[in-house]
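Encoded as structure tokens, the structure appears first; notes follow it.
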Amino acid sequence: MSEQEIHDKYVNLFEKLKEIIKETQDRIIFSEPDPFFEDNLNFFVKSFLISICAYLESYLKEIAFRRIDVINSKLSKLSIPRNLVQWELLRHKDIKDNDLKFESLKISIKKNDLDEHISGNPYRTIALFKKIGMDLNAIEGFVYKKDIVTSIVVKRNNIVHHNSHASDVSMADLMIYIDNIIDYMDSITQAVKIENTK
Numbered sequence: 039m040s041e042q043e044i045h046d047k048y049v050n051l052f053e054k055l056k057e058i059i060k061e062t063q064d065r066i067i068f069s070e071p072d073p074f075f076e077d078n079l080n081f082f083v084k085s086f087l088i089s090i091c092a093y094l095e096s097y098l099k100e101i102a103f104r105r106i107d108v109i110n111s112k113l114s115k116l117s118i119p120r121n122l123v124q125w126e127l128l129r130h131k132d133i134k135d136n137d138l139k140f141e142s143l144k145i146s147i148k149k150n151d152l153d154e155h156i157s158g159n160p161y162r163t164i165a166l167f168k169k170i171g172m173d174l175n176a177i178e179g180f181v182y183k184k185d186i187v188t189s190i191v192v193k194r195n196n197i198v199h200h201n202s203h204a205s206d207v208s209m210a211d212l213m214i215y216i217d218n219i220i221d222y223m224d225s226i227t228q229a230v231k232i233e234n235t236k
């Protein structure tokens, strides 16, 4: 899947979530509100906030792995001796004969290996992308949206880890959160596209 396809997949998921949020909001603000939705408003807000962050994290995992996959593809075409790279990286350490393999350099990181590094928290996202050779702090759109995304993730973490109420979050806030996260994703997608075409 290309960077744009990954991006579009998650934008579509977010747009569908916005439709569900809007429908829920409509059921609460009708002249005769639906008592089920009205009585469980906080539950819905919390669920939507958790879903927003889950979508973001899934996107980050896919787009980061796309970058790794493209790098691996480029490496396979170059046929760089693994032992030479190992020698360079471990220049000041003794390399055992058993550690040397006569094969081309390749990245063995699998998508599941990213799990422990994935977080909606922009600072953890910066750390992950740094490991794959990208400085997200150099991307204006990312930096511009970093604080709002951090606040969204903190709210979600307070709900998940501290059973906090989301009483300060409205359905309209959730829609704004989604729009900001889509902008945030746009900046990451464009940066990965640029890196992958180099």
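Residues are numbered in the numbering used here as their position in the sequence shown, beginning at 1, plus a constant of 38. Ideal Cβ placement from N, Cα and C applies to all residues, glycine included.
LYS183 to ILE133 span [Cα, whole Å]
Each residue's CA atom was taken as its position, placing LYS183 and ILE133 some 45 Å apart.
Based on Cα-Cα distance, which residue from ASP64, GLU100, PHE52, LYS84 lies nearest to ILE226?
GLU100
Beta carbon of PHE86 nearer than 8 Å to that of PHE75:
no
I'd like to confirm the pairing. Which residues does DSSP put opposite PRO119 in its beta bridges?
SER142
Quick check on LYS131: buried or exposed, where buried means 16 or more other Cβ atoms within 10 Å of its Cβ?
With fewer than 16 other Cβ atoms within 10 Å, it is exposed.
So is GLU43 buried or exposed if we call it buried at 16+ other beta carbons inside 10 Å?
Looking at its Cβ environment, which holds fewer than 16 other Cβ atoms inside 10 Å, GLU43 is exposed.
Look at the alpha carbon of LEU51 and the alpha carbon of ILE58, and state the distance between them as a whole number of angstroms.
11 Å
How would you label THR235, buried or exposed, when you count the other beta carbons within 10 angstroms and need 16 or more for buried?
With fewer than 16 Cβ atoms within 10 Å of its Cβ, THR235 is classed as exposed.
Let me make sure I understand the geometry here. Which of LYS193, LYS47, GLU233, ARG104 has the alpha-carbon closest to that of ALA176?
GLU233
Compute the Euclidean distance between the alpha carbons of LYS14 and ILE66, then round it to the nearest angstrom.
Residue 14 cannot be examined here, being either before or after the span of the chain that is shown, 39 to 236.
Please classify ARG129 as buried or exposed, where buried requires at least 16 other C-beta atoms within 10 Å of its C-beta.
exposed
Need the endpoints of the alpha helix (DSSP H) that THR235 sits in, please.
Here THR235 belongs to no alpha helix (DSSP H), and DSSP marks it neither H nor E.
Residue from LEU212, VAL230, GLN228, ILE216 with nearest C-alpha to ASN80:
LEU212
Classify VAL191: buried if its beta carbon has 16 or more other beta carbons within 10 angstroms, exposed otherwise.
A buried status is given to VAL191, since no fewer than 16 other beta-carbon atoms sit within 10 Å of its beta-carbon.
Integer-rounded CB distance, given that PHE167 should sit under 8 Å from ALA102:
7 Å
Is ILE220 near LYS84, with beta carbons less than 8 Å apart?
Result no, Cβ atoms of ILE220 and LYS84 do not sit closer than 8 Å.
Segments assigned alpha helix (DSSP H), at least 4 residues, entirely inside the region 41-97
41-67, 73-77
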